[in-house]
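*Asks:*
Residue numbers (the UniProt record's numbering): 1 to 441.
(1) Can you tell me which of the three DSSP states residue 305 falls into?
(2) At what residue ranges does the segment 4-84 contain a whole run of the alpha helix (DSSP H), taking only runs of 4 or more?
(3) Using the beta-carbon count (16 or more within 10 Å), is residue 54 buried or exposed?
(4) Could you check what DSSP says for residue 457 in three-state terms: helix, strand or coil?
(5) DSSP three-state label for residue 211, please.
(6) Quick one: using the 10 Å Cβ neighbour count with 16 as the cut-off for buried, is residue 301 buried or exposed?
(7) Is residue 95 helix, strand or coil when you go by DSSP?
(8) Excluding five sequence neighbours on each side, which residues of the same chain lie with their C-beta closer than 7 Å to the C-beta of residue 419?
(9) Can you name, in chain order, every residue of its own chain whose Cβ lies under 8 Å from the Cβ of residue 354, other than the five neighbours on each side?
(10) Quick one: which unbroken beta strand (DSSP E) runs of 3-plus residues sit fully inside the segment 277-334? Chain order, please.
(11) Of the choices 208, 209, 210, 233, whose alpha-carbon is the least far from that of residue 220?
(12) Looking only at its own chain, which residues have a Cβ that is under 6 Å from the Cβ of residue 268, when we skip the five neighbours before and after it?
(13) I need the boundaries of the beta strand (DSSP E) containing residue 130, first residue and last residue.
(14) Kindly list the residues whose CB is nearer than 6 Å to the CB of residue 334, restricted to its own chain and excluding five residues on each side of it in sequence; keep chain order.
(15) In three-state terms, what does DSSP make of residue 453?
(16) For my contact list, residue 126 and residue 142 are in at a C-beta cut-off of 8 Å; report their separation, rounded to the angstrom.
(17) Per the DSSP calculation, residue 190 is bridged to which residue(s)?
(18) Suppose you measure from the CA of residue 217 to the CA of residue 358; what does that come to, to the nearest Å?
(19) Using CA atoms only, rank isn't needed, just tell me which of 315, 282, 154 is closest to residue 45.
(20) With a cut-off of 8 Å on the beta carbons, I'd call residue 168 and residue 203 a contact; round off their distance for me.
(21) According to DSSP, is residue 340 helix, strand or coil?
(22) Report yes if the CB atom of residue 189 is closer than 8 Å to the CB atom of residue 374, and no otherwise.
(23) So within the segment 377-410, which uninterrupted beta strand (DSSP E) runs reach at least 3 residues, ignoring any that extend past its ends?
(24) Tell me whether residue 372 sits in a helix, a strand or coil according to DSSP, three-state version.
(25) Looking at the secondary structure, which residues open and close the alpha helix (DSSP H) in which residue 265 lies?
(26) If we ignore side chains and look at the alpha-carbon of each, how far apart do residue 40 and residue 47 end up?
(27) Tell me residue 90's beta-bridge partners as DSSP assigns them.
(28) Need the endpoints of the alpha helix (DSSP H) that residue 153 sits in, please.
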């Protein structure tokens, strides 16, 4: 099996409709990516699995979907206006800008090749500013949220009252965030517009360590469910002098991407920093009174944070395989296959009539339409059956269902498994139960 490279993956994603360059007909836009027909299915499946594992299946979790633009005072209270910065340097010769902590300042500029031309590092705030209303002045300044967490803290008292939850409990959200990254790149790994799956779990101050370890284990369980290669996943304890301003402990779960080992997810112990600050700046009471003990306290927070786009990238890299496969003529060829967990596969079933003739194509289309009521289905009748199998493998479709001329008399179809390439004859009346046995798990 050949090692997957970013070049191979990006080429496949564009050709097969997973991820496209943004605004391509206008020459594109740097580090802007759009999810295509298969990419949006994969992304939605990742989010659905996350929501099911962390919200729907738990009695101590609820969800929200908050606004992208919030009152600017939120970002003052959270510390983002003062501390949400990266160190910026600029080449004096070509004016290319870099994150100072991501390059060697003693080496020449990567763009123009000149040495000793970098400015001193300066703090660069990552918040993206906008204006609300017809006037563009200081009174109408607002910011696109750089994270989804603050909306959860601001809505905490409303959620508490509406849901009648007791500590410990959590609030989850899936949503977009925007950051004016200095050097975005590496495909969908680092972009200015991205999507997060985030949880703020409210706990008693004395119990945070237990919940922290529990959430770390659950995050690894999600990684396993996504089919991400476990041997390439590593926990990195962030040193105390590198922690974010709100954190007392952070563990980054990192993944070995082709461009290096980088953060996939993060787990942070935020103490009572956020609720205390929002109470101070808003003047609202954000403490909690235990209904059993009558103890009053500000809950502490454990925050599991997941990037949707980075999950999709890690899933694609883990699923990508190139292997020798037999041809119909007795030889072998390289087969590219995406071995997604069946739950995440963008297309679950490909229906392939052996011939375009109406006596096969018409019942095949009817079958595809029937199966589409339960799963995402592709119908393909062009080129040889072998080439159609390869196309289905390349996008990770778990099962191909072929109708042949025998199907007209025996009321059965051939079901081909993506991973083993084994074929099995299945009665049409039994087909949905046969597929559901694995697709619905």
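Where is the CB? At the ideal position from N, CA and C, for every residue including glycine.
*Replies:* Looking at the coordinates:
(1) Taking the first residue of the chain shown as 1, we reach residue 305 at position 305. Reduced to three states, the DSSP call for residue 305 is strand.
(2) 6-16, 37-51, 72-78, 80-83
(3) For this step, residue 54 is matched to residue 54 along the chain shown. Counting Cβ neighbours within 10 Å, residue 54 comes out buried, since at least 16 surround it.
(4) Any answer about residue 457 is impossible in this case: the structure gives the chain only from 1 up to 441.
(5) Stepping through the chain shown from its first residue, residue 211 is reached at position 211. Correct three-state label for residue 211: helix.
(6) Locating residue 301 in the chain shown gives position 301, counting from the first residue. Buried.
(7) In the chain shown, counting from the first residue as 1, residue 95 sits at position 95. The answer is coil: DSSP assigns residue 95 none of H, G, I, E or B.
(8) If you number the chain shown from 1, residue 419 lands on position 419. Correct list, in chain order: 339.
(9) Your numbering for residue 354 matches position 354 in the chain shown. For residue 354, where only same-chain residues beyond five positions count, the Cβ hits under 8 Å are 360, 385, 402, 403, 404, 405.
(10) 300-307, 320-326
(11) Looking up residue 220 in the chain shown gives position 220. Checking every option, the nearest Cα to that of residue 220 belongs to 233.
(12) The sequence position of residue 268 within the chain shown is 268, counting from 1. For residue 268, where only same-chain residues beyond five positions count, the Cβ hits under 6 Å are 247, 250, 303.
(13) Locating residue 130 in the chain shown gives position 130, counting from the first residue. From DSSP, the beta strand (DSSP E) with residue 130 extends over 128-131.
(14) Numbered from its first residue, the chain shown carries residue 334 at position 334. The residues are 322.
(15) Any property of residue 453 remains undetermined from this structure, which presents the chain solely from 1 to 441.
(16) On the chain shown, position 126 is the one that residue 126 refers to. On the chain shown, position 142 is the one that residue 142 refers to. Not confirmed; about 15 Å, so no contact.
(17) Stepping through the chain shown from its first residue, residue 190 is reached at position 190. Answer is 185, bridged to residue 190.
(18) The count along the chain shown starts at 1 and reaches residue 217 at position 217. The count along the chain shown starts at 1 and reaches residue 358 at position 358. One C-alpha to the other measures close to 54 Å.
(19) In the chain shown, the residue the question calls residue 45 occupies position 45. When each option's Cα is compared against that of residue 45, the closest is 315.
(20) Working through the chain shown from its first residue, we reach residue 168 at position 168. Working through the chain shown from its first residue, we reach residue 203 at position 203. Indeed they touch by this definition, with Cβ atoms about 5 Å apart.
(21) If you number the chain shown from 1, residue 340 lands on position 340. Looking at residue 340 - three-state DSSP - the assignment turns out to be coil, as it is neither helix nor strand.
(22) One-based indexing of the chain shown puts residue 189 at position 189. One-based indexing of the chain shown puts residue 374 at position 374. No. Outside cutoff.
(23) 377-379, 399-403
(24) Against the chain shown, residue 372 aligns to sequence position 372. Coil at residue 372, not helix or strand.
(25) Position 265 of the chain shown, counted from the start, is the residue given in the question as residue 265. It is not in any alpha helix (DSSP H) - residue 265 instead sits in the beta strand (DSSP E) that spans 260-271.
(26) Numbered from its first residue, the chain shown carries residue 40 at position 40. Numbered from its first residue, the chain shown carries residue 47 at position 47. Going from the Cα of residue 40 to the Cα of residue 47 covers about 10 Å.
(27) Working through the chain shown from its first residue, we reach residue 90 at position 90. 97, per the DSSP bridge assignment.
(28) Taking the first residue of the chain shown as position 1, residue 153 is located at position 153. Segment 149-163, the alpha helix (DSSP H) holding residue 153.
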